[in-house]
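Numbering (our numbering), first residue to last: 161 to 241. For glycine and all other residues, C-beta sits at the position ideal for the given N, C-alpha and C.
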Amino acid sequence: VPFLARRARLPLSVAPREKKRILILISDTGGGHRASAQALAGVLEERYGESIETVIVDVWTTYGPWPYNRMVPQYRYMASR
161 VPFLARRARL
171 PLSVAPREKK
181 RILILISDTG
191 GGHRASAQAL
201 AGVLEERYGE
211 SIETVIVDVW
221 TTYGPWPYNR
231 MVPQYRYMAS
241 R
């Protein structure tokens with residue numbers, strides 16, 4: 161039984177049938193964060209197919225204010241030294 165049907169205690173035929181969205185937040189600073197997120201998204205999509213949509217977002221680069229939005233490139237620079 162889909163989660164929404166269980167949660168709302170609705171009959172299965174009444175539960176909304178829209179695509180579930182899954183947001184995976186990462187910090188793309190190395191250490192396999194992106195690879196792990198891509199593997200997780202792949203498994204979820206393989207298991208649930210077209211019923212879900214996964215999005216991977218580098219939270220610092222995309223939504224962080226300065227100076228945090230520069231953290232990823234600066235980390236890569238410092239790690240290479």
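R181 has E213 as its beta-bridge partners, per DSSP. Per DSSP, T189 lies in no alpha helix (DSSP H) segment and is marked neither H nor E. In chain order, I182, I184, T214 and I216 place their CB closer than 8 angstroms to the CB of A201, counting only its own chain and leaving out the 5 sequence neighbours on each side. With respect to G190, Y235 sits close: the two C-beta atoms are nearer than 9 angstroms. Sequence-distant Cβ neighbours of A239 in its own chain, meaning closer than 7 angstroms and more than five residues away, are G190. Ranked by how close their Cα comes to the Cα of S196, the residues D218, P233 and E210 have D218 in first place.
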